[in-house]
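Undergrad: Per the UniProt record's numbering, residue 1 is the first one in the sequence shown, and the count goes up by one each step.
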Amino acid sequence: MESSSMPAEPTQTLENPARRLLLKGSAGAVAALGIMSLIPVARADELSTLPDYASWKRQQDLILHSEATMETRRGAIRSGIVTPSQTLFVRNNLLAPDASIIADPDTWQVRFEGVNDPRTLTVGELKKIDVQTVASVLQCSGNGRAFFPHGASGTQWSVGAAGCIVWTGVPLKAVVDELGGPIGGARFVTGTGGEEIPEGLDAKQVMVERSVPLEVMDRILLAWELNDDSIPIAHGGPLRMVVPGFYGVNNVKYVKQVALTENESDAKIQVSGYRVRDVGVSGAPDQPSMWKMNVKSWITLPLDTTEQGRNMIYGVAFGGTRTIDKVEVSVDDGETWQEAELLGPDLGPYAWRPFVLATELAPGEYRIVSRATDVEGQGEGRGQGRCRRDAGLRRESIQR
Ligand SMILES: Nc1nc2c(c(=O)[nH]1)N[C@H]1C(S)=C(S)[C@@H](COP(=O)(O)O)O[C@H]1N2
Ligand SMILES: [Mo]
């Protein structure tokens, strides 16, 4: 079970997961048929009910891979700008701590190290230092894993290990300033998760402790709110280290220590876990770490079948750390493209942007794909618009 061991998470992500749909119709009657080949089949060992710590979630919006891994259904996102917490995916490497730690969130303590005045502060004290809000995509670096042809190990996420969240908390920079600034030689921000390590296990092998480059400190929030509510235990309450634009794993839940460090953490999750590498190669520190997210988009509607005639095709797109400039949609597997409309307010460079394209569909079978481009002209994959699933492209697209 994933809660007691740490599966090598993603060695790659996939862009442009395509949708294929079939329309058959005659004189007003539409009989439609779905093509299931791109949709991971429900596993026999899927849960049938939500685990207690996530019992408040909307079960119909989720695929329950395991007690520690729940995925948002593709169709549950639709044109959503912000993902409701009841719909948001969950991914725990270890068992979530007891919910008693969120009973009185303001009393949660965080140790600050690597600053000139190292201290332990409570969430209540952090709330008095400063406050900021950021919209940011929370995406597991394994999102899309199920589409890889080589049978990547780990949770078989389709496109639903992602959501766009509004976080509120204190900028880490403000706390560090309050504590006398970084010590000399600091190069990383290292956040430690507050889970208890199961007895008999080597802490370094299983603990969730992640380091990110000090250069991104200015955008890090120590967040106590998710979509205007205090953060539930499933999502890292009472306090979470949010690194906007960086893959999910860097967004350390139940954060109990934040240290400005000279070196990256020596926990396995940092040293060899979450490293970009070729299929079959073991993770190692000299490979790129799963930090900055890439440009990515996918279709959320229609799903397997739809009506002939006018159809609104919806999806979401984000640039990782840069605003999306345009999204194009193709209903013929990338032969021809049309520019979609971006929906809703722009919530900033770390947020996703829903898009829509109105199109006419005659009865038939369609493979619908999307491609996004950010404001600096960076696209997905090679930007050729095909659904890229060949292993050779992985590395290149990840390193952007
Ligand atoms: N403390 C802690 N933080 C964690 C994890 C964890 O298991 N423990 N999982 C990470 C991973 S791999 C992901 S993808 C995200 C998932 O966030 P969510 O469960 O709130 O959706 O949290 C990250 N932060
Ligand atoms: Mo993840």
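Here a beta-carbon is modelled for each residue, glycine too, at the ideal position from N, C-alpha and C.
In this text, all values refer to a predicted model and were calculated from it rather than measured experimentally.
#1: Taking all protein chains shown into account, do 16 or more other C-beta atoms lie within 10 angstroms of the C-beta of R240, making it buried, or fewer, making it exposed?
#2: With a threshold of 8 Å on Cβ separation, who are the neighbours of L214 within its own chain once the five nearest residues in sequence on each side are excluded?
#3: Could you tell me which whole alpha helix (DSSP H) segments of length 4 or greater appear in the segment 87-139?
#4: Just to check, is the beta-carbon of A68 closer than 8 Å to a non-hydrogen atom of ligand 2?
#5: Whose CA, out of S211, L303 and T321, lies closest to the CA of L347?
#6: To which residues does DSSP link F188 through a beta bridge?
#7: Assign G237 to one of two classes, buried (16 or more other C-beta atoms within 10 Å of its C-beta) or exposed (fewer than that).
#8: Please classify P244 as buried or exposed, where buried requires at least 16 neighbouring CB atoms within 10 angstroms.
#9: Under the three-state reduction of DSSP, which class applies to R145: helix, strand or coil?
#10: Looking only at its own chain, which residues have a Cβ that is under 7 Å from the Cβ of G28, when we skip the five neighbours before and after it?
#11: Using 8 Å as the cut-off, classify the Cβ of A54 as near or not near the heavy atoms of ligand 2, replying yes or no.
#12: Whose C-alpha, out of S297, T336, N92 and L301, is nearest the C-alpha of S370?
#13: Quick check on the DSSP output: what are the complete alpha helix (DSSP H) runs of length 4 or more inside the segment 290-315, in order along the chain?
#14: Can you tell me the Cβ-Cβ gap for V252 and G193, rounded? I've got them flagged as a contact below 8 Å.
#15: By Cβ distance below 6 Å, which residues in the same chain neighbour Q205 in space, the five residues on each side in sequence not counted?
#16: Between P302, Y254, A96 and V356, which lies nearest to I81 when the distance is taken from Cα to Cα?
#17: If you follow the alpha helix (DSSP H) that A351 is part of, which residue opens it and which one closes it?
#18: Are R277 and P285 close, meaning C-beta to C-beta below 9 Å?
#19: Would you call A99 buried or exposed, if buried means 16 or more other Cβ atoms sit within 10 Å of its Cβ?
#20: Tell me whether the beta-carbon of N250 lies closer than 9 Å to the beta-carbon of V212.
#21: Closer than 5 Å between the C-beta and any heavy atom of ligand 2: which residues qualify, listed along the chain?
#22: Are the CB atoms of W167 and E225 nearer to each other than 9 Å?
#23: Rounded C-beta distance between G160 and L138? I'm assuming under 8 Å.
#24: How is the alpha helix (DSSP H) around K173 delimited, first residue to last?
#25: Along the chain, where does the alpha helix (DSSP H) containing V206 start, and where does it finish?
#26: Under the rule that 16 or more other beta-carbon atoms within 10 Å means buried, what is V258, buried or exposed?
TA: According to the structure data:
#1: On the sequence shown, residue 240 is found 240 positions in, with the first residue counted as 1. R240 is buried by the Cβ-count criterion.
#2: For the purposes of this step, residue 214 is taken as residue 214 along the sequence shown, with counting starting at 1. P182, A186, R187, F188, V189 and L260.
#3: 123-126
#4: What you label residue 68 is simply residue 68 of the sequence shown in a count that begins at 1. A68 Cβ: outside cutoff for every heavy atom of ligand 2.
#5: One-based indexing of the sequence shown puts residue 347 at position 347. Of S211, L303 and T321, the residue nearest in Cα terms is T321.
#6: Sequence index remark: in the sequence shown, residue 188 carries index 188 (1-based). Paired residues: P213 and T261.
#7: Within the sequence shown, numbered from 1, the residue matching residue 237 stands at position 237. Classification of G237: buried, given that the 10 Å Cβ count is 16 or more.
#8: Taking the first residue of the sequence shown as 1, we reach residue 244 at position 244. Classification of P244: buried, given that the 10 Å Cβ count is 16 or more.
#9: For the purposes of this step, residue 145 is identified with residue 145 of the sequence shown, where counting begins at 1. Correct three-state label for R145: helix.
#10: If you number the sequence shown from 1, residue 28 lands on position 28. Because the pLDDT at G28 is just 26, under 50, the model does not fix this residue reliably, and the point stays unresolved.
#11: For the purposes of this step, residue 54 is taken as the residue at position 54 of the sequence shown. False, no ligand heavy atom lies under 8 Å from that Cβ.
#12: For this step, residue 370 is matched to residue 370 along the sequence shown. Residue S297 is the option with its Cα nearest to S370.
#13: none
#14: Here residue 252 corresponds to residue number 252 of the sequence shown, with the count starting at 1. Here residue 193 corresponds to residue number 193 of the sequence shown, with the count starting at 1. 5 Å between Cβ atoms; contact.
#15: Counted from its first residue, the sequence shown places residue 205 at position 205. Within the same chain, Q205 has close Cβ partners K268.
#16: The residue you call residue 81 lines up with position 81 of the sequence shown. I81 has its Cα closest to that of V356, out of P302, Y254, A96 and V356.
#17: Residue mapping note: residue 351 aligns to position 351 of the sequence shown, counting from 1. Run containing A351: none; DSSP gives neither H nor E here.
#18: Numbered from its first residue, the sequence shown carries residue 277 at position 277. Numbered from its first residue, the sequence shown carries residue 285 at position 285. Not in contact: R277 and P285 (Cβ atoms no closer than 9 Å).
#19: On the sequence shown, residue 99 is found 99 positions in, with the first residue counted as 1. Exposed.
#20: Working through the sequence shown from its first residue, we reach residue 250 at position 250. Working through the sequence shown from its first residue, we reach residue 212 at position 212. In contact: N250 and V212 (Cβ atoms closer than 9 Å).
#21: R91, C140, G248 and V249
#22: On the sequence shown, position 167 is the one that residue 167 refers to. On the sequence shown, position 225 is the one that residue 225 refers to. Yes.
#23: Sequence index remark: in the sequence shown, residue 160 carries index 160 (1-based). Sequence index remark: in the sequence shown, residue 138 carries index 138 (1-based). G160 to L138, Cβ: 12 Å. No contact.
#24: Numbered from its first residue, the sequence shown carries residue 173 at position 173. From DSSP, the alpha helix (DSSP H) with K173 extends over L172 to E178.
#25: One-based indexing of the sequence shown puts residue 206 at position 206. Where V206 is concerned, the enclosing alpha helix (DSSP H) stretches over A203 to V206.
#26: Within the sequence shown, the letter at position 258 stands for residue 258. Classification for V258: buried.
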